[in-house]
């Protein structure tokens, strides 16, 4: 975040005195550009990833795993007593009827439904092409983001929680504030709060894990770096972690977008496009 | 914030509509050959990157006997129906001959016993299907590199093609299974013609009498029911021209990922 304060936005004179606002240059150009490229990459990677998952909709733990081995998660199909197809999702010992969404949709045996996969039709070959093409862009984009922000101090200055922020009392208060949808105003709104910082650092870590576990699925990569198999406990464990991290990233995106709406959608999205962020300087919420 | 104001609701709708359009666009792109060609660029990049890091020809991880999958899942063809193959199978492959031809100085024709009598390599490796599952098994067979040395490759040979007995794509030449690798993988120490899985002669679903093992690539490269090996300088004049049965159906020729 730059220290340069810009003239207040919305300075038009009106009948009621507007609360005093201040506009700051919040997001650097590299953050803004890599953010939107990342959004496109993650969207395509997730949807093509579901297409790839559908080719074998079961997950295992360990070095190997196939039909005859016990799975930890599976999106399968069974025949109901009335001979209709039933989607059955299994997570460990639990079993759920997910007909219509997982396992069986449109009366077809399919892990994830057509609307959630890229391409929509069953096509592993094209799904893989999308996945690896977007994977390269995702990695290049991520490296630009990581290197430039490590050099310019963005991580240390804006994302690393301060000692005071990491005190349990502060974190608990921040959790309560979030739960009550109460957002900081004044100068406190200029910088990220502790949960925000931890969420951003956490999702960066998740994205790095996505790349590392994804590469562990490559037999060529495993020959080059067998340490990956030790790190994740095998190719099938890596595949399961890849899937878990993908779901956690989706969870992050849902919360992130919800928070954008709660905090002020035009100001927030606008600041990620122009870099300029406006906040109230004095008024109470 | 309790409710979305109208402009905000509009934005949500617009965003959802835009997202939907984008995805529909991606879906349409997936059917356009030009778009697929752009996506294909990733395969070249992946192959070049992997060839760079694998230039020292490291071995794929070899596992311990206790790591072997209790059941090794067969996939693709389970039992070829080609009459010539069935006749060979009937006789325990005593009359089967592996031919090594094409761009070689000394074409070879080898029996199963001759292959077994050569120095054999035994390796416990992981088989990774493009679908996502893996199985670990112990493979035994002569190294392909030794056979190619014996046959003597001509200088212009670039690829090794494996012609198989199974018709995974239905009857007719267009449905014949085949695969190809380049010399970088052909001369890798773990690239073998396996005649045994877990100490037993290859069962029919696993590709009897021999299947290729090229351990740093995915399962569809591990051609089963190999009948003939051909050294060649080009792939575009064989079957669909993409270098393999699945490659002709849209999968990557380089299957290291």
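Protein chains in written order, with the working numbering: chain Y, 1 to 285; chain F, 1001 to 1257. Glycine residues also receive a C-beta, built at the ideal position from the N, C-alpha and C atoms.
When the Cβ atoms of the segment 1188–1198 of chain F are set against those of the segment 1210–1227 of chain F, are three or more pairs found closer than 8 Å?
Flag = yes, the segment 1188–1198 of chain F and the segment 1210–1227 of chain F touch.
Relative to the ligand ATP, is the shortest distance from any of its heavy atoms to the C-beta of residue 1121(F) smaller than 8 Å?
Inclusion of the ligand ATP in the displayed structure is not the case, the ligand content being empty and no account of it being possible.
Just the chain Y side, please: which residues come within less than 9 Å of residue 1124(F) by C-beta, in chain order?
The contacting residues do not exist; residue 1124(F) stays about 11 Å from chain Y at best.
Please check if any C-beta of chain Y sits within less than 9 Å of the C-beta of residue 1004(F).
Here the model assigns residue 1004(F) a pLDDT of 45, short of 50, so the residue's position is not dependable, and the following value carries that caveat. Yes, because at least one Cβ of chain Y sits closer than 9 Å to the Cβ of residue 1004(F).
Give, in chain order, every unbroken run of the beta strand (DSSP E) that is at least 3 residues long and sits entirely within the segment 1161–1207 of chain F.
List check, beta strand (DSSP E) in window: 1178–1182 and 1192–1194.
For the alpha helix (DSSP H) containing residue 1114(F), list its first residue and its last residue.
Here the alpha helix (DSSP H) through residue 1114(F) covers 1112–1117.
Grab me the residues of residue 139(Y)'s own chain with a C-beta within less than 7 Å of its C-beta, minus the 5 sequence neighbours each way, in chain order.
Excluding residues within five positions, the ones whose Cβ falls inside 7 Å are 211.
I'd like to check one pair, residue 1132(F) with residue 46(Y): are the Cβ atoms closer than 9 Å?
No; because the gap between Cβ atoms is not below 9 Å, this pair is not in contact.
Spell out a yes or no on whether the segment 1161–1175 of chain F and the segment 1223–1230 of chain F are touching, meaning 3 or more CB-CB pairs, one atom from each, closer than 8 Å.
Result yes; three or more Cβ-Cβ pairs closer than 8 Å.
List, in chain order, every chain F residue whose beta-carbon is nearer than 7 Å to that of residue 64(Y).
Residues of chain F passing the Cβ test: 1069, 1126, 1134, 1135 and 1136.
Should residue 1109(F) and residue 1097(F) be called a contact, given that it needs their Cβ atoms to be closer than 9 Å?
Cβ atoms of residue 1109(F) and residue 1097(F): closer than 9 Å.
Helix, strand or coil: how does DSSP classify residue 9(Y) here?
A caution first: residue 9(Y) carries a pLDDT of 42, below 50, which makes its placement in the model too unreliable to give a value.
Taking residue 1027(F) as the query, report the chain Y residues whose CB atoms sit under 8 Å from its CB, ordered along the chain.
Near residue 1027(F) (Cβ distances below 8 Å), the residues of chain Y are 118, 119 and 120.
At a Cβ threshold of 9 Å, is residue 1205(F) touching chain Y?
No, residue 1205(F) does not count as interfacial toward chain Y.
With DSSP as the reference, label residue 1131(F) as helix, strand or coil.
In this structure, residue 1131(F) counts as coil in the three-state DSSP scheme.
On the DSSP letters alone, give me the boundaries of the alpha helix (DSSP H) that residue 235(Y) sits inside.
Note, residue 235(Y): alpha helix (DSSP H), 235–274.
With distances taken between CB atoms, is the gap from residue 1138(F) to residue 1094(F) smaller than 9 Å?
No, the pair does not count as a contact, with Cβ atoms beyond the cut-off.
By the criterion of Cβ-Cβ separation under 7 Å, what are the contact partners of residue 1216(F) in chain Y?
Residues of chain Y passing the Cβ test: 219, 220 and 223.
Would you kindly check if the distance between the Cβ of residue 1233(F) and the Cβ of residue 1159(F) is under 9 Å?
Taking 9 Å as the Cβ cut-off, residue 1159(F) and residue 1233(F) qualify as a contacting pair.
Rounded to whole angstroms, what's the CA-CA distance from residue 1199(F) to residue 1124(F)? Just pull it up for me.
Distance between the alpha carbons of residue 1199(F) and residue 1124(F): 11 Å.
Per DSSP, residue 1123(F) forms a beta bridge with which residues?
Paired residues: 1139(F).
What residue does the alpha helix (DSSP H) around residue 148(Y) start on, and which one ends it?
That run of the alpha helix (DSSP H) goes 124–151.
For residue 1116(F), tell me which candidate among 1103(F), 1154(F), 1147(F) and 1247(F) has the shortest Cα-Cα distance.
Nearest C-alpha to residue 1116(F): 1147(F).
Which residues of the segment 1231–1251 of chain F have a Cβ closer than 9 Å to any Cβ of chain Y? Give them in chain order.
Listed by position, the residues of the segment 1231–1251 of chain F near chain Y (Cβ gap below 9 Å) are 1246, 1249, 1250 and 1251.
Do residue 293(Y) and residue 1205(F) have their C-beta atoms closer together than 9 Å?
No answer is possible for residue 293(Y): the residues shown for chain Y start at 1 and end at 285.
How is residue 64(Y) classed by DSSP in three states: helix, strand or coil?
Residue 64(Y) falls in the coil class under three-state DSSP.
In chain order, what residues of the same chain lie with their CB nearer than 8 Å to the CB of residue 144(Y), ignoring the 5 residues before and after it?
The residues are 30 and 34.
In the DSSP assignment, find the beta strand (DSSP E) that holds residue 95(Y) and state where it starts and stops.
Segment 94–97, the beta strand (DSSP E) holding residue 95(Y).
Does DSSP put residue 1230(F) in a helix, in a strand, or in coil?
In the structure shown, residue 1230(F) sits in a strand (DSSP, three-state: E or B).
Which residues in chain F sit within 7 Å of residue 238(Y), going by Cβ to Cβ distance?
Result: empty, since nearest Cβ-Cβ is about 10 Å, beyond 7 Å.
Does the distance from the CB of residue 1259(F) to the CB of residue 1183(F) come in under 9 Å?
Past the boundaries of the shown model lies residue 1259(F); chain F is included only from 1001 to 1257, so the question cannot be answered.
Roughly how many angstroms separate the alpha carbons of residue 1021(F) and residue 1203(F), rounded to a whole number?
Between residue 1021(F) and residue 1203(F), the C-alpha separation is close to 50 Å.
I'd like to know if the segment 170–179 of chain Y and the segment 194–206 of chain Y are in contact, where contact means that at least 3 CB-CB pairs between them fall below 8 Å.
Result yes; three or more Cβ-Cβ pairs closer than 8 Å.
Do the segment 103–116 of chain Y and the segment 83–93 of chain Y touch if we need at least three Cβ pairs shorter than 8 Å?
At 8 Å Cβ cutoff, the stretches touch.
Using three-state DSSP, classify residue 1100(F) as helix, strand or coil.
It is a strand residue.
Check each residue of the segment 1171–1182 of chain F: if its Cβ is closer than 9 Å to any Cβ of chain Y, include it; give the result in chain order.
So the list is empty, because no residue satisfies the distance condition.
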